[in-house]
Each structure stands twice: as C-alpha cells, then as structure tokens.
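Contents: one structure, followed by commentary.
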Amino acid sequence: MVALQQSSPPDESWQGAGKAETPRRDSTPDESWQGPRQGVTPRGNSTPDESWRAPGEVEEAPGPGSPSEKLGGEPAEVEAPRRNSTPDDTSWESFPGATAVPEGQDAAALPRLPEVPPLVPVDDVPPRRPPTARAPRKPEGPPPVPNRVSLLGARTVGPGGFAAGFSLGFPLLSARAAVGVLPRVDALVGVDSLYGMMTELRVGGRWMVLDGGPRWSLGLVVEGGHAFFLRPASVEDKGARYLSGRRNWNVQPGIVGNLQLRGPRAARLFFDARYHLSFDTEPIQRTPLGGLPPSVVTGSAFPLRVGAEMPLSEKTSYSLTLGGDVRTRPEDADFMPVFSVGIVTGL
307 MVALQQSSPP
317 DESWQGAGKA
327 ETPRRDSTPD
337 ESWQGPRQGV
347 TPRGNSTPDE
357 SWRAPGEVEE
367 APGPGSPSEK
377 LGGEPAEVEA
387 PRRNSTPDDT
397 SWESFPGATA
407 VPEGQDAAAL
417 PRLPEVPPLV
427 PVDDVPPRRP
437 PTARAPRKPE
447 GPPPVPNRVS
457 LLGARTVGPG
467 GFAAGFSLGF
477 PLLSARAAVG
487 VLPRVDALVG
497 VDSLYGMMTE
507 LRVGGRWMVL
517 DGGPRWSLGL
527 VVEGGHAFFL
537 RPASVEDKGA
547 RYLSGRRNWN
557 VQPGIVGNLQ
567 LRGPRAARLF
577 FDARYHLSFD
587 TEPIQRTPLG
597 GLPPSVVTGS
607 AFPLRVGAEM
617 PLSEKTSYSL
627 TLGGDVRTRP
637 EDADFMPVFS
647 VGIVTGL
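Start counting the sequence shown at 307; every next residue gets the next number (my numbering).
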C-alpha cells in the first residue's frame, strides 16, 4: 500500500455529487446561496452592499455585535445634538409642497381683500317676531246695491212701492206704512199709541217737491187722525193728553227732507218740522167762574224731529229719532222731549 500524505485532504467524493465542497480556513466564504439580490460580504472596512433591502427601509447604524463589527469594521459614529444649541427650523419647514409667500412686485399683483369695517357695539335688539300669516283676501264681488227706501224723510217709494216702519220710544209707540201712488207722491197710514192709554189712527200723504237725485230731497207732508183715550178728560190730570199732546182730532202739516251721505250703504239723515193743530171736543173749564166751555177748543204745538236711517241691506234700515214738542196750551208742558229707535223696510 501507498502511504497518504499528511497535508492532503481526504477524498470525500463518496458523499455524492450534490454536497458542497468544504471551504478552506483562509479562503473567503461563498455566499452565493443567498440569492441574486444578496451581495458578497465586503472585506475589511468597506461599505456593505445593502441593495437587497426593501425600498423606504431606514438604514440602521451598526451596533455592537453587528456583522460589520464581526467582520472587523468599526461602528458608525452619529453626532448627538448639543443641549443648548439653537434648533434648526429650516429643516422641518422646507417640506415638499410648501407655499412661499410672495414679496415685492409679485405680492402687488395679488388681488386685495376688501376692507372690513370695524365692529361697533350696539344695544341689544329685540328678536323679530315671525310674520303673521295674513288671511287670504276674499274675492271682490259686485258692488252693493244702494238703499233708497225712506219712510221718515222726503224720498218717496215710487209707483207700486211699499215701505213700512216700526219705532219704540218715549212717549209714543209708532207704526207707519207708505204706498207709492205717483213717482213723487206717497199715501201714508199709521198708528201712534201711548202704550194703550192713547191710540191714534192716522192717514196722510207725502209729496217730494225737490229731487236732488240719490243724495238729497225736500218735500211736504201732512197727516191727520182721530185719537182714542182710555180715560175721559174730566178725571185726567197729567195723563195721556199731557204726555202725548194729542186731542180728539189732530192735523200735522209740515216740511221734511233728507240727505244721503256718500256710499251705497251710508246713513241717510232726515229732519221733520211740523205744525200740530189739535181739536179738543172734551174741553174742561179749569177756573171756577169761567162759565161753560165751548164745544171745541183748538190748540197749537210744534213737533221737531231729526234723525238718521242707517241701511242694513238693500231694502232695510234701522232708524234713530231725537226731538221734542214745543207746546202753547197752558194745560200741557212747554216742551216734551221725544226719542225713539226703530226699523224701516221696503218691498
């Protein structure tokens, strides 16, 4: 047998073709197994190839026990900031996308903001009330028909027309009716009562002498009638005859007129001035030595009335009358006030 040399390595070809060859002690280790991205470990103090790292990964400073230190390299030195040194603001202000403030001519070309007036303190203002919702306006209809029915003034009702009225007051309760005979002439009928103590039936007529259109009119009126008394004159002191001023027979001619205010439903003012001639068929001798009284004694009075007819509709109005009677008979009151309210309607 041939003796083997001590320095030659043993033949390990029997381990198979796939087994890697054992490197020598002083030779550089083969690190090709790390892949195509793994580089060869640098020698000595050369900078290691770190191209295998992922993009964006922060490089770490080698520390104790790092590969570079194991391979004989020295650790990298990092300068620590001083404690009292001034911080560098430019390093963090100059970030990507920062906007620089223009100066000089560049700044003059920029649009100027409107000047804002200074704020002025004011007193507390009460809160505004929310607007109230207005009711919807009703559609305007045809204009109202004017009221031309008058019973207490001079305006007649016209041929075939009819008007009636009723009034309640002091001292008399009255009812009237007018029937049109001619365009300017009406026939009148009525009744006056002192609440049952005296009742007088009356007839008469009205003639519109002046016609001023729908605004005014002036006319003549006359009425006469017979009065019935509940008690005879011999037992009556200040009763029905004293209060009403009526006697057995009465005639009252006079002048009437009316004035219509502006508007189709405006009030219609009227006046009525008459002369009252009375015939007393039951005279009483008031003096002991006066002798036998005559069979008929006449007397005079002056009834005066003013008032208004206020239309409620085309044919109906309510009336208000004020006035008084100026009397000349010694047994009656010198003045007797009169007032009444009523209603007038037409057909």
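Heads up, the beta-carbon is just placed ideally off N, CA and C, and yes, glycines get one too.
- Here the region 619–627 does not lie against the region 522–529, with fewer than 3 beta-carbon pairs under 8 Å apart.
- For residue 499, the enclosing beta strand (DSSP E) has its first and last residue at 491–499.
- DSSP, reduced to helix, strand and coil, places residue 546 within a helical segment of the structure shown.
- For residue 482, the uninterrupted beta strand (DSSP E) run begins and ends at 479–488, by DSSP.
- Rounded to whole angstroms, residue 591 and residue 598 show a C-alpha spacing of 7 Å.
- Listed in chain order, the non-local C-beta contacts of residue 455 below 6 Å within the same chain comprise 469, 621, 652, local neighbours out to five positions each way being set aside.
- Rounded to whole angstroms, the gap between the alpha carbons of residue 553 and residue 569 is 42 Å.
- Rounded to whole angstroms, the separation of the alpha carbons of residue 432 and residue 563 is 59 Å.
- In this structure, the CA atom of residue 629 is about 8 Å from the CA atom of residue 613.
- When 585, 476, 494 are compared, the shortest CA-CA separation from residue 534 is found for 585.
- In the structure shown, the three-state DSSP call for residue 460 is coil.
- Under a 10 Å Cβ-count criterion, residue 440 is classified as exposed, with fewer than 16 other Cβ atoms of the shown protein chains found around its own Cβ.
- When secondary structure is reduced to three states using DSSP, residue 644 falls in the strand class.
- Residue 542 and residue 637 have their alpha carbons spaced roughly 11 Å apart.
- For residue 622, the pairing in a beta bridge is given by DSSP as 651.
- Distance from the CA atom of residue 642 to the CA atom of residue 593, rounded to whole angstroms, is 25 Å.
- The residue among 485, 478, 536 with its C-alpha nearest the C-alpha of residue 550 is 478.
- Following the DSSP letters along the chain, one finds residue 559 inside the beta strand (DSSP E) bounded by residues 555–566.
- Within the same chain, Cβ atoms closer than 7 Å to the Cβ of residue 540 are found at 590, the five residues on either side in sequence being excluded.
- Of 574, 545, 595, 487, the smallest CA-CA separation from residue 523 is found for 574.
- In the three-state reduction of the DSSP assignment, residue 539 falls in the helix class, which pools H, G and I.
- With a beta-carbon spacing of about 7 Å, residue 482 and residue 494 fall inside the 8 Å limit used to define contacts.
- Looking at 580, 626, 577, the one whose alpha-carbon comes closest to that of residue 471 is 626.
- One thing to note: residue 587 has its Cβ within 8 Å of the Cβ of residue 601.
- When the alpha-carbon of residue 508 is set against those of 516, 496, 427, 502, the nearest one is in 496.
- Taken through DSSP and simplified to helix, strand or coil, residue 637 comes out as coil.
- Across the set 525, 608, 505, the C-alpha of 525 shows the shortest separation from the C-alpha of residue 561.
- Following the DSSP letters along the chain, one finds residue 613 inside the beta strand (DSSP E) bounded by residues 603–617.
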